[in-house]
Structure formats: structure tokens, C-alpha cells
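**Q**
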Amino acid sequence: MYYRRTLTDAQINRELLHVVFTTPMWWIVLVVSLGLVVAVAVAAVGYMFNQGLGVTGLRQPVFWGFFITNFVFWVGISHAGVMISAILRLSQAEWRRPMVRAAEIMTVFSLMAALTMPLVHAGRAWRIFYWIFPYDWSRGIWPDTRSPLIWDPVAIFTYLISSSLFVYTALIPDLAVIRDRSKGTWRYPMYAILSLGWHGSPHQWKLQGIAGILLSALILPVFVSVHSIVSWDFGVSLVPSWHVTVFAPYFVIGAVHSGVSAVVTLMVIMRKLYHLENYIWEEHIDALARLLIVVATGWFFLFWLDFVFALWTREEQEMVVWNLRLFEAPWGWLFLTFFITSYVIPVPLWLFKRVRRSFTWMLWTSLLVNVGMWLERFLIIVPGLVRKGPLVFDYGSYRPSIIEITIVVGTLALVPFLLLLFSKFFPLIPLWEEKEGQKLIDHIQLGNVKVPALVKEH
Amino acid sequence: MGLTRRRFLQWAGATGIGAVVFNGCRVPDHEIQVQSPVRLPEDLVTGRDNYYATVAQGPASSEGLLIRVMEGRAKKVEGNPDYPMNQGKHGLRAEALLQAVYHPDRIKTPLRRVAKGGPFRRIGWPEAIGELAKILGDADASRVVLATAPIRGVLADVTQRFADAYGARLVGFDPIDQTVLRAAIKRVFGQDALPDFDIARTGYLLSFGSDFLSTWLDPTHFARGYGEFRQGEGERGYLVQVDSRFSPTAAAADQWVYVTPGSEGLLAMSMIQVIVSEGLGDRSAADALTGGGGASALAAFAPEAVAARIFGGGADGPGRIRQMATEFAGNDHGQSLAIGGGSAGAYANGSFNLTAIYALNHLVGAVNPPNGGGLVFNPASEAARVSAAPLREWKQIVNDMRSGKVDVLMVRDANIDYGLPSSLDVREALGAVNTIVSFSSFLDETTALADLILPGSTPLEEWGTDLPDPGPGYTTVAFQQPAINRFGDTLSFGDALLQTGRELGLGDALPWDTMRDAVRETARTLHETGRGSVTQPTFEEFWRRALERGGWWDMDARAGAASAPPQLPTAPASPELAGDEQNYPFFLVPYEAHGIGAGQFAHLPWVQSAPDPITTVAWATWVDVNPTTARELDLKQDDIVIVGSPTGHVIRAAVYVNPATPPRVVSVPFGGGHEHSTGVAAKRGANVLGILEPTEDTETGALAWAGTRVRLTKTRDRAGLPKLEGKELAVQLKDQEIIQVQHVRR
Amino acid sequence: MATQAKPSTHGAGDRDTPKWEMVVDLDRCTGCQACVIACQAENNIPINEESAFHEARVIQWIRIERYWEGEFPDVKARFLPLLCQQCDNAPCESVCPVYATYHNNEGLNVQVYNRCVGTRYCGNNCPYHARLFNYWEPTWPEDLRNQLNPDVTVRTRGVMEKCTFCIQRIRRATRGGEAVADGDLQPACAQACPTSALVFGNANDAGARVSKLKNDKRRFRVMEELGTDPSVTYLKQVDTDG
Amino acid sequence: MAEAAHEMRPIPTHQEVALDVLARFQDLGARYWGWVTVLGFLFVLGIVGFVIRLSAGFDDRSIWGYHVATMSFIVTTFLAMPMISAGLRLTKANWRRPLTRVTENMSITGLLVVLMLLPALAALPPLEGRRNIWFDFPLGAPGVWNVLGFGNLALMGLALLWVLALPDLAAARDHLPPSARQRFIAWASLGWVGHLRQWRVLYAASLVFGGGYLIAYPLVQSLLFADFHAGLMPGLKDAIGPARAVVHGVQGALAMTIVVMYVMRRLGGYERYFSVEQFWALSKPLLAFSLFWFYFWWASFLTFWYGRLPGETDLIRFLVLNSYLGPFIVSLVLNFIVPLVALIWSPVRRSAWGPAFVSAGILVGTFVNEVRIYVSAFSIEDPTLHALDGIPPGQWPEAPDVLIAIGGIAGCVLLFMLVSKIVPVISMWEVGEGLRLTKIRRYLNRQVRVIAKSH
Ligand SMILES: Nc1nc2c(c(=O)[nH]1)N[C@H]1C(S)=C(S)[C@@H](COP(=O)(O)OP(=O)(O)OC[C@H]3O[C@@H](n4cnc5c(=O)[nH]c(N)nc54)[C@H](O)[C@@H]3O)O[C@H]1N2
Ligand SMILES: Nc1nc2c(c(=O)[nH]1)N[C@H]1C(S)=C(S)[C@@H](COP(=O)(O)OP(=O)(O)OC[C@H]3O[C@@H](n4cnc5c(=O)[nH]c(N)nc54)[C@H](O)[C@@H]3O)O[C@H]1N2
Ligand code: SF4
Ligand code: SF4
Ligand code: SF4
Ligand code: SF4
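Below is the structure:
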């Protein structure tokens, strides 16, 4: 079933390194336009630093809004990489091969996008290192490790570093391939340095393999911890509707839901832009879609628990939050949109093989999921503050300012922008993984049909 | 740490770049310094402070203050614990005196208009005084009017002397004056001075329209007593607020009784009728009151006859009146006391109302009761006092101005252009006055029309005395002294008058060089009594001690008994509202704003920013509308409505849907809608004084400011009201009430 | 190196150290706002312009919340003065990543502006909404700056602030080391309060008014069920029924 | 490339497997009856314990705590096992084939659970005033809905068992000599002959019932948690509870599967089917779910502990720190620490004894944990309070409780042994299918297995 097409190594090299060695017009257009959006967002950040956070829509007591929502969203997206590469690698799912690198690098870039959010949302962003770095040069005082805001950067930096290592380790064999095809004053030395003298000896391959497996195993706890810790930013607080025990797994599985959907989106777009029809097939997104059905349903279960156990106390302060979420404009409409786009539309559709195997359908359904999941984060975070506790006197609303929207849109442009830049220098599909996959293809004859089969890896 | 020169230079360079970068994004240098936890800024208090005792007088309030001064700058206003009226407490307006001193829009030098209608030119004080003396010297003294806000003490004396010696007509102005109250007190008790109310020891307090916890007379003084009344030594007092509006006092009351606007006196009369006819209360007083006529003399006021007019129908009306009368006359709660004022006295029948209300006190022995808790008379005083003139007099002055009979108008905090009803067309009348001179420190509407401005100083910068009226029940003289040097080139009004008087050769009538001398003379007379709170052998010692304590008071100097036989009112019982019910379906019950009053405090940012206690609105004027009424008129919170009166004048303001507003009433606070004045006050809110019908109290001629009917017209506009309350009407969650209440049975 | 400040969660076990507390008598409070403005003046709180109300970013370290009950004619408005409750088990403290808010040995929840980076997490976790964020750089007209209290830091934009129990007054009163008589030391709000609804004092002094009142039969603490152990005790409002 | 594949035994044929399985299936020897007798005796003891409890009635709810804990233990271990089969089938793991039937046969314990549910429901206090997910819904809540939920799970399990057994029932039908058992099997095989259409139905039905079971199980755990634990525990608002129970269910099922495989290897001679590959493969998710178990517990513990709300702190004291500290530690060690420390080592995973040892511990830990959760809840006197009124002491089992626990577990094993003589305990068709989809070939210098992708 997999790898119906046999590809030669030369063909793989040629096709996957195409964009590295040529610069298509569409690439320039996309990079420039996305770059402009990012630049506008950077300008908005500058303006915000200059004026103060007054330019946001935040207010008493809605201290967190779009930025934190976006932070949680991007941390969520980052969960795709590990889910795809580490878990599938450990479970030796063959269909992982074309998507591992793109998923991992998306992890790295979305973590970067996520990290910008707590940075710019802080009242005095220029002092933020003071918050995270455990130094005590002049204060004689360390950051307070009791604060979830210390757990956050610790977990996220760990995740960022290990993900980057993960990407890099898997890149080395491909870097050597590029190095061998590069000339010039900067190109060759750059790849030569980056490829660390890789020449593909069995010893090197063995080390690389071990490193991959080890990193996969080690990164899994980090993966679970990151979004759990993000969830505890809310869970351990006393804000009604935040102080919920189910948040940690609920956030993690929601992250996987949005992250894997983002991988689907990325796969479809990559396939189109980079002409990767030989590598990304219906089977791949079909497998992703099946994974998504399970993940989304697990997510739904936890969402349902959150809902039921909020209502079950029939405490009025929980009720007012849910009342706002469900029945008050515009929150109710947002909630409806969130629920329909992240679950009601895509999951039943994915039950159909035809949908699962259609790139167009999968593109739009996966995009819908992330529209919904962005809103989900917003609806988890903000209503609890808008209706915070029994102090009805302070009940108000929150509307993001144009500055907040610009900055959030900037991060939405930043990640594809970085991905495009990355693709200019490194192949988005690992060459060696594809080549290895080719070696494992076999068939079994059953009666008069030839069934595709695989050499079992372990 | 091995700090080599090289590394040091690197660091220095890095810091320099950092400083440039951070400065570029407006991050100040101190941002980069990080605080050690060992010595926190909170631990460090340095510098020496001084406290100066002084006093702030309002039209009917008197707050003794201590001003904290550091390095010549006033930092904080605190209440003077020794001063009998406020005993260490102070209200928010007193706090904001600081902002008057350091106000960014304060007029800091004398100004003279270059040409009529032209711009102002700064001039020096000698020139300013000379100019004023020349104007007055040239003018026919009988065509000169001197208008000031109500004043007491030495300043009143100086002003009076100046006006008398020169021959000008001296007239007091206050948009919301106490003429009716004074007249009623005079009539019911034969007293010239306002009495004190011993709220702390009162058991049953029946208040008609007097918002004494927020704006009426001296709220800080009353609130001090109110705290004791609630949770003092004795039993908890019981407060009934009879009011056509839900004021902060009504909110604090145990019972708020809504009555049809203007029917307060009717209710009081009816209660008297019940008390007399049922033989409750003091029988001799009842006889005296009815002139021996007994209940039959009051038959017209029997509950059955008047209840519908008071409560607007409903079968239980008479019963309620009887119950109120019985409670008032009984002594379940201790000493009863009836007080009234505010809107209750602001109808055509205001005098009737207040007379009837205060007459109630005779029936329950509330006049100087031996155990306290009633009315306490203040000793009469010969000291000069400039009280606000009633509307009747002002109408005449405005007419005189219009017909060219006034050549010079001098104003000192008398903002008549803003404070008199628009239908009098004061602006046009002022146009006919040759020369307008203002002594105000801020550019209010009337000052903006002035030809010459001699900016006065603020209370923290000047000398003076205050004889509180109402006082605490005994002779009290507060001293006002400069806590700081004058900030800006200003001169106190008193000193300006003294100097001008010298120029004009009125020296005999004004025998002092400065206000300080005048104050010292007052002090000297007090010293000579050898009595009171400060007694010292030498005058200088007395002077120093009295200034330190903030004044002198003689607790043994108390007033005698009521000097007039009890009387009942004879004036009309009906409020005679302007406007017909058909076209103007709502009673307009305006009220002094909790902070900015009737506009006198609108220039002070703290006062403007203090939320109204009931609606929590700040900085704006709003219209209180009942929720059902709002629904009927399709009005929502924040909708802008036009409030129009039969005068044809209108205001526009946003609606506050107020659950406590009675259905047929709309309420609008005074004080907003300044055209001129400071940047803080100007172009903000609406001036409801402007749309009032210039109806008078039939007896005293005072403005019947609550006697106008209005209609509401919805507009398409909306304006979010600046209020502290959130977007939702704040009603506590039923399961999670955060305010706990102890329920007691009466 | 400086010694580490060790935050203790519970103020003052030892009786010699003062434990500052406040009692708020709801039966006295008339909602008059004197406390609000007194605090504003004492603590260099920027002027709450009209825009601050529109933006719902009013900074008042003590504010009077007004709750409605019922509708005309059976209507009540109840006032609740809310200030930082100086919780002995303060939820705002543990969430701050930089120890910008901590508990001192006198039972005060201290805010160190200089350390605050403005994450606003403490604000989220304060059930009393007592924490206020400086969204804008606070500014005063030049002349008005003359009034600023030199004992109190002027906060910059981007930091949290809240009621300090007028710590500068506490420091001034106690810097000589001698004991302070009950009532001599008052924060600005309690000092102003015309009805004496606010009573402040040392709860470790058994004779102090605050110690007596906090055990009054009308006592309660706002949201006591949260276990924040506030240092502000409220006395119930009294309603006379029927 | 694993060394296991280095020198490979030739792949047996489908027929060899079938004959071997059927021979064991046919055998009803003394050893079998001996075990059945012992288990039957223990089960009767359980019934005695139950009757003792019944005679005391339902007024004192606390005496029913251990009964519910036993029931929940069965739900969390035996009744969770069909999820393994359903889940592995969805992931198309080839190594699942020999062990799916063991787990499916275990769904027979659903019958016992439904029986045990009825007295448990009778012991529940009325809904009024206590927190519940029924919001005072009038139609028979919670009893009717619990019976429907549990019944649905039991039926779904039996349906899954039956449908997937059809080819093997047909084989047994054709293989066994005529007897009452053979006639019953013949009836049960529903005329299976192996049409393409029949196979299609079988695959579709396995998907429906497998998926259905995977959905029904969390709902049943939610019912258990909400009605029997949180609903009785004043102030407990622990939304993660049902999810943690599900995770615990998977852990318990994996452990029970491993233990059953180990016992069958040792006592039943099934080494050939339950090779190290199965232990190895199962011990990976076992490690994962042991970590998850802790993670899910930690998530709620941290939330409560950090929040410092007095009500929640009291609950922690009750359930974790004071009254049930002992059971908690036992459970923490056996369900988390031991699996973590043991199973991270590949040699331990790649053995039969290692996973079996860890799994046995997990089962003990699971029972203790169910005691902690349900006995504590049933010992609360007034569930309508909104916070604990003092911290009640832990409750030790009494003789009837011990009998019920032993009898319940024995009953489950007994049911499994009985049903396994109707439905062969190894899925012959699934194993056979796997054999056809596998071949051995040379790759570079060694032998490797090639597996075709299929259902
Ligand atoms: N290598 C090298 N040598 C140099 C120079 C150079 O550039 N390089 N520069 C030269 C020059 S220009 C100078 S001025 C000298 C400076 O040389 P010194 O005069 O030795 O100056 P410092 O080294 O600062 O030491 C001054 C001492 O005074 C103490 N002190 C500080 N304040 C007070 C006080 O109020 N009262 C008392 N009693 N003591 C106090 C300090 O603790 C310190 O011990 O060095 C000269 N030597
Ligand atoms: N950080 C720091 N600041 C200090 C002091 C310190 O110790 N540390 N010390 C203080 C004291 S005591 C002093 S005296 C001052 C000294 O302060 P400066 O007078 O600034 O002395 P130097 O730092 O020695 O630098 C003098 C400069 O002159 C240059 N120079 C050297 N020889 C000649 C020459 O023949 N002709 C010319 N045209 N230039 C020459 C050097 O290269 C150097 O750039 O600094 C004061 N400030
Ligand atoms: S009231 Fe809020 S800010 Fe003050 S100590 Fe308590 S939690 Fe912290
Ligand atoms: S806003 Fe400041 S005080 Fe509050 S948690 Fe963040 S850094 Fe700490
Ligand atoms: S105690 Fe001080 S800081 Fe706190 S509210 Fe009162 S005046 Fe403000
Ligand atoms: S000053 Fe006192 S009475 Fe006035 S609002 Fe504040 S607490 Fe209430």
C-alpha cells in the first residue's frame, strides 16, 4: 500500500533539493509578503513598548487576552512535531517518513512564535530575563520557582532546545548531501560546517539512529509536560472556570489535535508548492486523519468532562461564566464557531475515506480545526476573567485592540515565513528517510493479488 | 570579580548602547537598575514633614484640617482631630484643596482684558489694585454690585465693611442656597443660626429630602455622627429617609419612603395630625403647636385626606402615615429627630414643607433634649456673614444689569452665569454691565466675561477665620492660616479688598493692613475672654497655640432655649410644579452631585474622578431613569436623551437605568456642563441648572430647584457612561453573596 | 552577597512584631469616597481620567463597590469598600515569578514595583480584584506633581500596584523603634473615613480596637471559603426587617 | 533490525495452529475441573459475604464501600480488557493476533458487574442536594441510567466477543464430536461458512462494536466516578476523575492481560502464542499508561494542592495524606514507581516474567486504589455538604468485605474459564490471517520478517 512508486536515490535527491538550489518566483513573492506582515507586527510591538500596554484591550480584571491565547495556541501547534516524529518513530509507523522534518521544524518555529507572546505581553518586556534567568547578580534573589510562570519557560526552553537538536540530528545526513553539491564562498563552507563531517559510515549511521531514538524517548515527557504546564498557568489559579483538574490532559490532547491538523495543512500546501506528489500521498493524510479522529474524540471526552464538572456544582460563579460562553453575544457565536469548526464539521467528515484521501477536503477541514482551536483557547482563557468570581461589580468585557490583532496576525505570518526561509536552505522532506523507506518496500503474494508489505524494522 | 579595564570598558559600552536603545523606546534608565531585596523602597522614608492646622469653609460646612507640608509643598490634607465639627475626619472635597493649589489651569497672575471681548494681558498686583481702585473710584457706588459665594468669619467682616464703606451692594450667591431652611428654623424655633443635629445620640432619625450623608450642609460632620448612630455606644439608631430620590442617605437608611415630589410637608403635617389626634407625644407641645385647636385644627391633614397626594394612591397610604407617626412619637428607638432640607425645601411650597417638618420636633421633645440626640441650638453670633441671596433678589439684580443700572460687577466665586437658570438670560444681562471684575482663581463662566481678574489664593494659602454655621452647639472660631507660601502671584480676596480700600481711602472702615492683622484682632478678642479651649497668659502665646490647634472654642458658650412659640405653616401645601403633566410627564428631581456639588468643585480632578456613590459614574452628567420607564421609552443604559423643560431649554445626557429611581421621576445631578472653566471641567456633562424653571418658594423667594417638570426624548446617540461599575448592573450572585448582612427585628 | 529575603507566608507568629489588620464596618459605610480620594492623595495614584473609566482601568487602591438589591420601591444599594486584604495565605504571592510580591513579617503583602515585570498573573489570581495594573505611564500636570508624596514611589507603566496598608506611614511611625499607641497610626483611608467605618491597628495588641472589633459578632471575611486568610475583617451590615 | 528476527523459525501454517488450538479447546480434563471447583468455591464465599451485607440492608451506606470497590476493580481490570483488543485492531498491530481473544472473552465479566451494580445503586443516597451530573433529571436518575450504561457496555462486549468468535465457533463446531457443548457452539456459530459477505459483516461489526466499546467504557467510568465517588464526596470537583479512571482501566487491562498470558503460558502451555514479542509489545503501553496514571493523578493533586482552597485541601488530606495515606502509597508504588523503575529497562520489557511481575503489582495497586476511592466515598455520612466536615478516618475491610472481594475476582476468572470452553481462547482466524500476511526474507546479511498491511 505504501510506496507504490519506487524512486531512485538520484531522483529523490533531485526532487527534494530543488528549492534549495533554485529560487522560484512564488517563493520570493511569499517570503516578501509574509515578511511585510511580520514587519508590521514588529512595528506594532515597538509601538506598544513605547506607549505601554494601554494600547491593548485589556482591562480590570481581564489581565490576559489575545496574547496569552495566542501563546497557548502556538504551544499547542508545536505539539505536532513530537507527536508525529517521536511517537511515530518509536511505534515505527512507516507513513511518518515524509512528514517528520516539516512537523519538527514547525514545532521549533511555532515555539518561537509562542515565546514572543509572554515576552511582549509583559508590562516591562525589557526586564523579562530577570524573570526567567536564574541569576542573582545584584539582587541576591532567585526567581520564584513556585510560580507556574517559571515552570513555563523552563519547560518551553527545554522543549525548544530538544526539538532543535532533534531537527538537527536528523538533518545531518541531508546536509552532507547538499554540501557535496554546493560550491561557492559561503554555501560550501556553511554546509561543510553544519554537516559535521558526515560521510555516511556505518558507525555514523548507527550513532545517528541511536540519537534519534533516544531523543524521541526523552522528548516525550517534555512534550507532555509543556502543555500541562501551560494548562497549569490556569489550573492552579483560583479563577473560577480555570481551576479545573482536567486541564493538563485536556490541553495536551487539544494541542495534539490542533498540531496534527496543522501538519495536515502543511503537508497539503507543501505538496502543492514544492511539487512533492511523489512523496506525499493520499495514504499519508489518510493516516493523519485517522489519528485525528482518535485524538479529536479523546479531546472531546475531556472537553465534555470540563463542561459537566463545571456545571455539576451548580455554583453560580461557574454558571455565569458558562452562560457568557454559551449564550451571550458575541461569546456564544464564538463558542458555536469553535465547536463546529473544531469538531462537528471535521470529525464526521473524516469518517469518510473519500474525504480523508482528498487533499482539498483535508486542507480545509484541517484549517477549520485550527480556527476552532484558536477560539477554544480564547474561550477558555478570557470568559473566566470577564466574569471573574463573585465580584459582579467588575464584570465587563474584553475586546482586542488593533495592536493585539496585528501582533497575533504577525505570528501567523511568522511561522510560514520562517518555514519558507528554512526550506530555502534545507529540504523539508528528509532525503535519507525516504531512501530508507524505499529499501523497506516489499510485496506479499496472496492468491492472485500482490499486497504491499514492509520489512519489519525491529 | 576580576574587573579588568578592558571588560569594564566593554560593559560601559554595552550599557551606553542599552541606554540609547532603551531611551529610544522610552524606557527610562532606572528601568535597567534592579532592586535588591535587602533595602526595599518601601522601607525608606526620609525627609521631615510639618503639619499646619487650618480650616476649609463651605457654604454650610466647616472642616478643620491639618496640612502636611514637606519642603514648602503641601502634600496631604488630613482632618484636624481637635476641631469640633469634623474631629479628625475629612471629605473628598477637602482632600482636593491640594489640587486647587497646584491646579494646572490656575490663574496665577492678575489679568486685564486688552479691549472689550479681546484677550487678557498679565499685569502686576500694584497695577491690578490701582486699576480696580480707579474703576471703583470712577463708578457711582450705588451702581456697583459685589457678589460672592457665602462667606463667614473675618473675610465676611472685611467684605461687609468694604461694601458698606464704599457703598456697593453686597450680595451672596449660591446656586443651591439655604434661605428656605434658615427661614423655617427661624419660624419654628426663633433661631437665626442653624442648629446642630446630634445624630450620634439620636435614636430615630426622620429625614426629609436632606441628603446629609452626601451633600447637605456639612456631610463630614453629620457622617461622623452617623457612624456613632449606627455602631456607637448606645443602641443602633433607626434612620428613615423620606425622599423623592434614592440618595446616598436613602441608601444608608433603614427605610426609604418615596413621596411625590413636594409632598414632604404634607406628610409631616399629616403625621402631626396623627400624633395630636391620637394623643401621642408631648401634649403641651401639641397644644402650643395647634394654638390649642387640637386635632380639629388639623383635620384637613388627616391621613385619609392626604395620603393619595403623598404616595400617589394605594390603599395602605393612610396606614403608613399612621405607622410613621406612631413610630416617630414612640420611643422604641430612643430620641426621635426630624430634619429636612434639600429637595424638600426646593418647591414653591418649600417653606411650608420645612416648617411642618421641623415642627414635628416639638412634639417629641427633640429640642435640646437633656440626653442629647435632638436639635442643638447654636449660640447667636453678631459676626458678619454673607449668605446667599434668594432667587427673587437675584432676578432683580439681573434685571438691573440688563437695564443698565449696574456699572461694575465684582464677583468672587459667584458664578452667576452658570448658576442661575438659563431662562433669566444672565449672559445677556452681563453684557450690559460696563465692567466686570473677578477675584476667582479659575476661569469660570462669569470670570471668562470679566475685564479684570484679580486671582484669589486658595484656602491653604490665606489667613482667615471661620465660625461654623451650623456649628457644633457652642461658640467655635476656627483659624485659617497659610500652610504654604502662595503658589503663583495671587492675593487673597480679603487682602485685595484691604489694599483696594486703602487706595480708595476707606482706611477708617478697614483698619487692617493685611488679613493676618484682621485675624489677629479676632484672636485678640478671643484671648481677652480668658475662656475656651485655648487660654494663655500672653497674646503671642495664645496666638501660637490657637494656630496650632486650628482654632478656639468655648464648650460652655451654648444657646438658650427656643425663643419663638411653636408655629405651624400656613403657606400652600401644594408644590405648584411648572409644566403640565401631559407634555412634561416627569418630575425632575435634580440634586447636588456628591463630588462636584453644583459645579463649584468641577475643576478639581480628584473630585471629578470620585465615582458617584449610587451610580458610580464619574466625570459626567447622567439621567437616572427607572428601569420600567426606560423600557417604556425604549431607553437603554448609555442612550443619550434630551431632557426638556417648559422653559424651552434642554440638556443632553446619557441614561443610567437606576433600579431605585421612582417611575415618574427623573434625576440629574448638578455641577456638569461647564462651558468655560478649567480643562478639567469644561465641555463635560450638562448643566441641569440651566433648564430649571425660575420658580420661587412663595415665602422666601428662593429658587424652587426641584419644582420643574420635564420630558425625555430619546436620541439615536449613545455614550458609554464613565463609571466604575462594570458592564452589567451589579447585583450579587445569589449563592455567593460577598456582603453579609445581619438581620435584626425591629 | 545580600542575604536572601525569606518570604514567610504567615505574618507575625511572635507577639512583639506587629500584625497590621483592618476592620471595615459595613453598617457605617455610606459610600462617600473619602477613603478613595485620601488614598489617591497619599499614595501618588495617578488621576483617574475619564478615559480610565471608559477603559475600565481605574486605579483605586480602595474602591467602593455598590451592589443593587431589588427594584423600586423595595430597593437597596449596598456598599463594599474593597482594598487589598493583605491575605496571610495570599494567592497572588506564589504565582509571581520574580518575588515582586511577597509577605513580610508584619503580615503585609508587599509589592516591590522595581522587581515587577508586569506579567499580571498575580492580578488574575487575586480573588478580590485588589491588584491594579499600570497600563499607561502615569502622568501629572507639571504643577500637580508638587503634591506627590515623597515617601511613596511613583510607579512606572507596566507594573502592578495595590493597597500597601500605607506602609510608608507604618515605617514613619515605627522607625524610631518605639511602640505606637493604638489609633496614632492610621492609613490615609481610615484616617479620612468620616463614619469611622475603617479601623486599622495592630492585631497583636490585644487592647487595640481592631483586635476587639475583629471578633465582633458581626464579623465575617469576604470570600472566606477561599482560605486566603485575609487581614481585613468586615462587620456585617445590619438590616432591620419588618 | 531486531536480533529476534536473526534466525527465524519457519512460519507455521494456519492449519497447524488450528489443530493445536482446537485440541486444547476440546480438552476438559481434571485439571480444568479442579480449577473450576476451587474458583466456584471462592465465588460462593463471595456470595456468602454479599448475603451478610444484604441482611444488614442499605441504611448504612458505609458497609457497601468494599463491594463497590470490588466492582470497580473488575471494571478497571477485567472489563477493560476488550478495549485492548478493540484498540489494537484499530492500530493494526500484527502482534495482537494471539491475544485478542483472551481479552474479548473477558467481556463476559460484564454480567457479574451488572449484577453487582444493583445493590451498589440501592446503597446510593438520594440525589437531592448532592452534586450530580443528572441535575435532578427526573427519569430514574441515577439508577436507570447506570443500569443502561453498564448494561450497554456488557452487551457491547458480548457482541464483540460473539462476532469475532464466529469463524472460530464454526471451526469448533466442525471439529468437536457431537455433544451438548458442540450443539450449543453450532447454534452460536450462526451458520458461519466464511462467505466474503460474512467476512465483510464481521469486519464491519468488529469495527462497530470495538469502537462502541471504546466509547462506552469511558462513559461507564464517568458514571462510576460521578455517582459513586465524586457525588458522595463533599466539595470534590475533580473533572479529571473519569479520565483518570479510563487511563487506569487501560493500565489495569494491560496488566491483567499480561498476567493472564503469563499464567496461561505457565499453566496452560501457551508459550507458542504468547511469546516474548507479546509481552514486550504490551509492556511499552503498560509503561506509558503507568506514567499516564501518575500524570492524571498529579494533574488533579497539583491543582488542589496549589490552589490551597480549604475544601480541596481537606480532600487531599482525606484521600491522600491522612486517612488513606497507606492505600495511596501502596498504589503509588505499585501503579507508578515499580512500573517506571522496572519497565524503562529493555531487558525487563523483553521478557515474560518482568512484565508479569510488574503487572501483578499493578493489579494489587489497582485494588487498593479502588478501595481508597470508593470506600472513602461511601464512608461519608452527609454527601449534601459542600465541604468535608472534619476528616473522617480510613475504613478497614471486615470479613464480608474480604469475602466479596475474593468472590468477585474468583467469579470473573471462573466466568473466563467457562466461556473459554465455548469460544477458543486463541483466535485461530486472526492468527491464521497474520500468518498469511507474513513472510521471511533475506535483507542484507540476515533474515527479516516482511509484513503486509491489512486489517
Ligand atoms: N596606577 C595608578 N596610580 C595612580 C593613578 C592612576 O591613574 N594610576 N592616579 C593617581 C591619582 S590622579 C590620584 S588622585 C591618586 C589617588 O590615590 P588615593 O588618594 O590613595 O585614592 P584612593 O585610592 O581612592 O583612596 C582614598 C582612601 O580614602 C578613603 N576615604 C574615602 N572617603 C573618605 C573620607 O571621607 N574620609 C577619610 N578619612 N577617608 C576616606 C578610602 O576608603 C580610601 O582608602 O592615585 C594616583 N595613583
Ligand atoms: N572610574 C573612575 N573615575 C575616576 C577615578 C577613578 O579612579 N576611577 N579617579 C578620579 C581622579 S582622582 C582623577 S585625577 C580623575 C582623572 O581623570 P582623567 O583626567 O580623565 O585621567 P585618566 O583617566 O588617567 O585619563 C587621562 C587621559 O589622558 C591621556 N593622556 C595620557 N598622557 C597624556 C599626555 O601626555 N597628553 C595628553 N594630551 N593626554 C594624555 C590618557 O591616555 C587618558 O585618555 O578621574 C577621577 N574619576
Ligand atoms: S487581596 Fe489580592 S492582592 Fe491582596 S494579598 Fe490577597 S490576593 Fe494578594
Ligand atoms: S505582575 Fe508583577 S507582581 Fe504580578 S506576578 Fe507579574 S511580576 Fe509579579
Ligand atoms: S490602607 Fe493606605 S494604601 Fe491601603 S487603601 Fe487605605 S489609604 Fe490606600
Ligand atoms: S470613607 Fe468610610 S464611609 Fe466613606 S466610602 Fe470610605 S469606608 Fe465608606
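Chains as they are written, first to last, in the working numbering: chain X, 1 to 458; chain V, 1001 to 1746; chain C, 2001 to 2242; chain D, 3001 to 3455.
Think of the CB as a built atom: it goes at the ideal place given N, C-alpha and C, for glycine as much as any other residue.
Alpha carbon to alpha carbon, how far is G1234/V from R1201/V?
**A** 8 Å
**Q** Where the beta carbon is closer than 6 Å to any heavy atom of ligand 3, which residues qualify, in chain order?
**A** Result (chain order): C2084/C, Q2085/C, Q2086/C, C2087/C, A2090/C, P2091/C, C2092/C, N2109/C, C2126/C, Y2128/C, A2130/C, R2131/C, K2162/C and T2228/C.
**Q** Give the residues of chain X in contact with A1251/V, contact being defined as C-beta atoms less than 9 Å apart.
**A** Those do not exist, as A1251/V stays about 15 Å from chain X at its closest Cβ, beyond 9 Å.
**Q** Report, in whole angstroms, the separation of the C-beta atoms of D2143/C and P1627/V, which I expect to be a contact under 8 Å.
**A** Taking a contact as a CB-CB distance under 8 Å, the pair D2143/C and P1627/V does not count as one, their CB atoms being some 44 Å apart.
**Q** Kindly indicate the opening and closing residues of the beta strand (DSSP E) around A1654/V.
**A** V1650 to V1657
**Q** Closer than 7 Å by beta-carbon distance: list the chain D residues that pair up with N2109/C, in chain order.
**A** Within chain D, no C-beta atom comes nearer than 7 Å to that of N2109/C; the closest sits roughly 15 Å away.
**Q** As an exercise, report each continuous alpha helix (DSSP H) stretch of at least 4 residues that is fully enclosed by the segment 2017 to 2072 of chain C, in chain order.
**A** 2034 to 2042 and 2050 to 2054
**Q** Is I1479/V near L1547/V, with beta carbons less than 8 Å apart?
**A** Note that residue 1479/V is Phe in the sequence shown, not Ile. In contact: F1479/V and L1547/V (Cβ atoms closer than 8 Å).
**Q** Is the separation between the beta-carbon of D442/X and that of R3441/D shorter than 8 Å?
**A** yes
**Q** What does Y3262/D pair with, by DSSP beta-bridge criteria?
**A** DSSP lists no partner for Y3262/D.
**Q** Would you kindly work out how many angstroms separate the C-alpha atoms of V1021/V and N2109/C, rounded to a whole number?
**A** Bear in mind that a pLDDT of 44 at V1021/V, under 50, signals an unreliable position, so the number given afterwards is only what the model happens to contain. Looking at the two C-alpha atoms, the distance is approximately 35 Å.
**Q** When you check each C-beta in the segment 2082 to 2095 of chain C against every C-beta of chain D, which residues fall closer than 8 Å?
**A** Taking 8 Å as the cut-off between beta carbons, the residues of the segment 2082 to 2095 of chain C near chain D are N2089, P2091 and S2094, in sequence order.
**Q** On the CB-based measure, 16 or more other CB atoms within 10 Å of its CB, does D1138/V come out buried or exposed?
**A** With fewer than 16 Cβ atoms within 10 Å of its Cβ, D1138/V is classed as exposed.
**Q** Flag this pair as touching only if the segment 3184 to 3193 of chain D and the segment 3125 to 3136 of chain D have three or more C-beta atom pairs under 8 Å; answer yes or no.
**A** no
**Q** Could you say if the segment 1590 to 1608 of chain V and the segment 1722 to 1739 of chain V meet the contact criterion of at least three C-beta pairs nearer than 8 Å?
**A** Segment contact: the segment 1590 to 1608 of chain V against the segment 1722 to 1739 of chain V, fewer than three CB-CB distances shorter than 8 Å; contact not assigned.
**Q** Would you report the Cα separation of W1543/V and R2172/C, rounded to the nearest angstrom?
**A** 30 Å
**Q** On the three-state DSSP scale, how would you describe D1639/V?
**A** strand
**Q** Where does N1023/V fall in DSSP's three states?
**A** Because the pLDDT at N1023/V is just 46, under 50, the model does not fix this residue reliably, and the point stays unresolved.
**Q** Does at least one heavy atom of ligand 4 sit under 7 Å from the Cβ of T145/X?
**A** No - ligand 4 has no heavy atom lying nearer than 7 Å to the Cβ of T145/X.
**Q** Quick one: is the Cβ of R2120/C within less than 7 Å of any heavy atom of ligand 4?
**A** Checking the Cβ of R2120/C against ligand 4 gives yes.
**Q** According to a CB-to-CB cut-off of less than 9 Å, which residues of the segment 1619 to 1636 of chain V neighbour chain C?
**A** So the close ones are W1619, A1620, N1626, P1627 and T1628.
**Q** In whole angstroms, what separates the C-alpha of A86/X from that of E104/X?
**A** 9 Å
**Q** Run down chain X in chain order and give the residues with a C-beta less than 9 Å from the C-beta of R2157/C.
**A** Q51, G52, L53, G54, G123 and R124
**Q** Where does R3153/D fall in DSSP's three states?
**A** The sequence shown places Leu at residue 3153/D, not Arg. Three-state DSSP puts L3153/D in a helix.
**Q** Candidates P3126/D, T3109/D and L3190/D: which alpha carbon is nearest F3150/D's?
**A** T3109/D
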